[in-house]
Structures are given as structure tokens and as C-alpha cells.
């Protein structure tokens, strides 16, 4: 278990893997590997076809079908404060807030862990690594019981802080990796000039690791945006529920399920993370694979 | 003074001991917000769950007004309950089928194919597979519900080619949710293995090829031993992730029909909230953690043994 030897790519602006030499010849005929990959990719797309087609089909059923009269009626039907805007805004508050808290705490915590060698640093980092493996599902009942005790159930700030904490161990680990990639020499000059830790961090280190911070932030946002169990347990009032939970209650709310509207709302709810993913693209993968370097 | 600010200064030397302690505190300062959050919201609940699991705390009825210690009875209740063992067995099936076999082998296959495929094809496949992981859990649950439902897409497609209908969601729901979990989780394994394979020097493979080793032999005798650490790490991480899947199964089957897809997280949720037995639900959660811990230790031992 080495904690320091692997550093996720992405601290440097160009995170593309080095060319792999002979195994990747460009401009040749598609080989069996290409065909096999395309076949797997096609199979992966099949379940997606329904949600896309049904969202444009007012008569959508469970089975995938080309819309008889394609139109935006389903979107028009769900684009109202009750169904879409309020749950989405709650998601922004909950997940955006959690991401902000996570990133700020992770950057602050990563600084001493990355910059100073201390006897406490290694046990602390090991604890963080173990905490990344802790299944949050398994502690939700005690968390709920605790929140009942201190009257925090259905409190948005408490849910934000809990969600932030659940993402924090991995965020600290990732951020420390990115920070290790920033050379220390420039800071040493700033220190001798008498700059405080926070100023050095803000003015020198952060600008140099902006791509890394973006990976951590987007990674955290994607994880929290999709999280269902935490808001499902900790938030109760309908006007506080984020899109993850309101999508779940969608079918029960309207009795007869309007599948077209369900599909349209699914697409609206997924859109932000899909767009972020396409923006960050390959670099998000590097945040991801850092987990492989974690204990490898 | 310059030595004091360099990163490699370890503990302070004797004359500056007091100053160095102050400095340690100052330096540790930025850790405070993270530590406070982790202690309050992560360590706190873990410690509290150990207490809760030995009580009869309940949402209503006995144990809701006065909580009392009940010793090990929550654990003995669980370990003697056929419903618990049903859930434990289903959790095992779900983890083995969807993580250890499904995600692991499909992810490895994808990573190996990507090494041989052309760059645009691997890029497109990568975007699609990772896209499935990006989608929110509840959306994936609905996608696979509509895909596998009796009058859903898969049966429509099977009908087109003249094959009989499948009834996975009612007949073998645990397999149905396993498929959904493979679809959703394979990206992780694929990326981990892609990174591990990229570390293998080209020359080694080339040498083996020249020595006349076939592709199968090269894989088992060369590639696999070289990425074994990534394999063990990956197996540990996907096992922990899969053990705690809740939303996906809850949306697709809600644990049913009956309890035929009720894995431990759903069982624990039902006990705690449908029946209000918080203490009992927490005991089950601790058993789930224990299973995860044992599995992790197993994978770590696998690593340690192979390193000798």
C-alpha cells in the first residue's frame, strides 16, 4: 500500500496518456477488437434508447418505440415549478452546497498533508483511505437516529453537511494527490517573504492546480447529484426534496404513470451531470482511476 | 530559519521544541474543518451504531419512549432469522454475479480490447460506458425496469426476432438487478484496468510474442501477474460498492416480488423504517459492514501472499 507513489494525472494541463507505440496504429482497417468494442457499445446503448425516444412520445409505453407523433409535449408538461424547477433547485442547493463544502474542506486539509511531513500525517491518511471504503448505506440508520435525537431530520443544511462529509474522504485523497504534483519551490520563496499559509495556498498553490480542483469538484457533484439514499432518508417535506427523490415518487404521485413525462423528467434531471461529464471528459476518468492507484 | 520552512524538516530539534509544537498546531490548522465534519458525521454515527445495535431503540411501540440495552439479542435475532439469511444469500449472489463476475470480467475485456482497437473506437466506447456510470442511480433503475418489464423493450425486441418473452423481473429479480448493476458499474473496473495495463512496458509483451507465446498464454502468464495488484484492489472496491447498493434495487423491484431481491441494505431499511426497529436495523447494518470488512481483508491477504 503506497500512498504517495501514485499521483492522479490532471494536475498538469495535458492529462492524455502517452502514446502507446506500436499497439495503436492509426489509419488501418477496423480489426476484430474494434468490432467487438462497437458491439459492446451498441448493447450499452439499448437501455438508453427508451428514455430518449419516450421523452418525445406523448403515447409512450414501457417498450421502446419510435414516437408516432414526436413532440415536446412531455417536456412542456413537466416544466413547471411543482414537477421540475423546485426539485432541481433543491438538488442544486443540496449537491452544489455539499460540493462546495467538500472542495473547500478537502483543499484546506490536503495542504498540510501534502506539504509538511509529520508523524501524524500517515496514520491520518490511512484513516482517510479506510473511510473511502466505508459503505455510507450501512451508517444511514444510525445517522437518521442521531438526526432524530438532535432534531435535524428534514433540515437542508444538515443534509448538505452530511452529504459533504460522505464525499470528503475521497475528495481529500484526490486533492492531496493533485497537490503533490505542484512543485514546492515557489512556495518556499513566499514563506520566507512571510506569507501566511492561507495566502500561499490561495495565491500560489490553487491557481497551479485548478484542473485538479475541477476534477474533484465535478467528481463530487456527479456522485452527490445521483445520490438517492441520503436525501431519501434525511429530507421529508415535499418542498425540500431534490430531483433524485422526486423522480422516485414520480410514479406514485400521479397514479397512472405518464411514462413519457417520467422519461422527460429523467432526461432533465440527468442533463447537468452529463453535460459536466462531456465538458471534463477524459480528465474525469483520471480522477476515477486514482482509486486504482489508491492501494495498488 | 530556512531549514524550518522546508518540507523535509521533521520534528523540531530540542532547543526549538516549544516553538515547533506551536508551529505544528498552526500547520495543522487547515485540517480542522475536515476533521470536525468527519468526526461529527462519519465517526460519530459509526460509534453511535455500535451503541444502537445493542439497544431496543424503535420508532414506535416498545423502545420508542425508553431505550434499554438488550445485549446481543438483536444479533441473535438476525442470525436465527430465515429472512436475514435469505437477504444475506441474495447479497452474496448480487455481489458475485454483478461485481466479481460481471463488472470485473466485462471491465477487463473492455480494457484489453481498447489496447488493440483504434483510438476513435476506444474513445467512443469509453464515453458510452462511462456515461452509464454518470447517470443518476434512480434514472438507471427506471431504464432497466422499462427495459426488462413484461411489456418492456427487451421483450419487444425478442418478439421481433421470434424469441419467447423473458420474465426476469418476476422470475429471477436478483439477476435482473445484477444486470443493471453491471451496466452501471463496469466503467469503474474498465478505467482501473486501463490504467494498470498502460503501465506494462511494450517490450515485455513484444518479447513474449517473439518467444512464440499465444495470446491466451501471454494473458495468463504475463499480463495477469503484472496487473494482479490492480485486480485485488479493484475487486475490493467494487465489492464494497456493490454491497451497499440500495436505490437501484429499490427503484427496480423494491426488494420483491416478496423478498426475492431483498438484499441486506433493503432488508435493513425495511426493518428500521417499515417496522420501526432502529436497533435491529443497525445490528444488520453492522453485520453488513462486517461482511465488507472480511471481504476486504480477504483481498488484502491475497495481495500480501502474492507479494512474498
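Residue numbers (the numbering used here), protein chains in the order written: chain A, 754 to 1049; chain B, 221 to 528. Yeah, the Cβ is synthetic: ideal placement off N, Cα and C, and Gly gets one too. These numbers come from a predicted model, not from an experiment.
Interface partners of residue i on chain B, CB under 8 Å
i, result
"residue 814(A)", "371"
"residue 950(A)", "246, 247, 249 and 250"
"residue 918(A)", "257, 258, 260, 261 and 262"
"residue 798(A)", "348"
"residue 830(A)", "Neighbours of residue 830(A) on chain B: none; closest Cβ ~17 Å, over 8 Å."
"residue 925(A)", "254"
Chain B residues whose Cβ lies nearer than 7 Å to that of residue i
i, result
"residue 1019(A)", "359 and 362"
"residue 982(A)", "466 and 467"
"residue 975(A)", "354"
"residue 1001(A)", "358 and 471"
"residue 858(A)", "253, 254 and 257"
"residue 787(A)", "337, 338 and 341"
"residue 1023(A)", "355, 356 and 359"
"residue 864(A)", "250"
"residue 914(A)", "257 and 261"
Residue i classed as buried or exposed, judged by whether at least 16 other C-beta atoms fall within 10 angstroms
i, result
"residue 275(B)", "buried"
"residue 858(A)", "buried"
"residue 490(B)", "buried"
"residue 364(B)", "buried"
"residue 339(B)", "exposed"
"residue 822(A)", "exposed"
"residue 778(A)", "Note that residue 778(A) scores a pLDDT of 46, beneath 50, so its modelled location is shaky; the value from the coordinates is reported in the next line. Per the 10 Å Cβ criterion, exposed."
"residue 848(A)", "buried"
"residue 471(B)", "buried"
"residue 1045(A)", "Note on residue 1045(A): pLDDT 43, under 50, position unreliable in the model; the coordinate value appears next. With 16 or more Cβ atoms within 10 Å of its Cβ, residue 1045(A) is classed as buried."
"residue 810(A)", "buried"
"residue 234(B)", "Low per-residue confidence applies at residue 234(B): pLDDT is 47, beneath 50, and the placement is therefore not dependable, though the value from the model is reported in the following sentence. Exposed: under 16 other Cβ atoms inside 10 Å."
"residue 468(B)", "buried"
"residue 922(A)", "buried"
"residue 190(B)", "The structure shown has nothing for residue 190(B), since chain B only spans 221 to 528."
"residue 1030(A)", "buried"
"residue 895(A)", "buried"
"residue 944(A)", "buried"
Distance CB(residue i)-CB(residue j) smaller than 8 Å
i, j, result
"residue 984(A)", "residue 997(A)", "yes"
"residue 354(B)", "residue 459(B)", "no"
"residue 962(A)", "residue 931(A)", "yes"
"residue 273(B)", "residue 502(B)", "yes"
"residue 913(A)", "residue 850(A)", "yes"
"residue 374(B)", "residue 368(B)", "yes"
"residue 404(B)", "residue 347(B)", "no"
"residue 455(B)", "residue 519(B)", "yes"
"residue 475(B)", "residue 486(B)", "yes"
"residue 310(B)", "residue 917(A)", "no"
"residue 247(B)", "residue 869(A)", "yes"
"residue 438(B)", "residue 523(B)", "no"
Endpoints, the alpha helix (DSSP H) within which residue i is located
i, result
"residue 993(A)", "Segment: none, residue 993(A) is in no alpha helix (DSSP H) and carries neither H nor E."
"residue 798(A)", "785-808"
"residue 303(B)", "302-314"
"residue 1032(A)", "1012-1033"
"residue 971(A)", "963-979"
"residue 339(B)", "339-354"
"residue 485(B)", "484-489"
"residue 918(A)", "909-933"
"residue 414(B)", "393-418"
"residue 495(B)", "Neither: residue 495(B) is in no alpha helix (DSSP H) and is coded neither H nor E."
"residue 329(B)", "324-336"
"residue 376(B)", "373-380"
"residue 259(B)", "Segment: none, residue 259(B) is in no alpha helix (DSSP H) and carries neither H nor E."
"residue 297(B)", "293-299"
"residue 360(B)", "357-368"
"residue 269(B)", "264-272"
Listed by chain order, chain A residues near residue i by CB distance under 7 Å
i, result
"residue 333(B)", "786, 789 and 790"
"residue 463(B)", "888"
"residue 559(B)", "The structure shown does not extend to residue 559(B), since chain B is modelled only from 221 to 528, so the question has no answer here."
"residue 502(B)", "894 and 895"
"residue 516(B)", "886"
"residue 277(B)", "898"
"residue 474(B)", "The premise fails here: residue 474(B) is roughly 10 Å from chain A at the closest Cβ pair, so nothing lies under 7 Å."
Chain A contact residues for residue i, given Cβ-Cβ distances below 8 Å
i, result
"residue 376(B)", "816, 817 and 818"
"residue 268(B)", "895, 898 and 899"
"residue 312(B)", "Here the premise fails: no neighbours, minimum Cβ distance about 15 Å."
"residue 384(B)", "Within chain A, no residue comes near residue 384(B); the closest Cβ sits about 16 Å away, beyond 8 Å."
Residues that residue i contacts on chain A, provided the C-beta gap is smaller than 9 Å
i, result
"residue 344(B)", "790, 791 and 794"
### Inside the segment 426-452 of chain B only - alpha helix (DSSP H) runs reaching at least 4 residues
For the segment 426-452 of chain B, whole alpha helix (DSSP H) runs of length 4 or above, ordered along the chain, are 435-438.
### Message
Which runs of the alpha helix (DSSP H) at least 4 residues long sit entirely within the segment 824-905 of chain A? Give them in chain order.
### Response
Listed in chain order, they are 826-831, 839-844, 850-868, 874-885 and 893-902.
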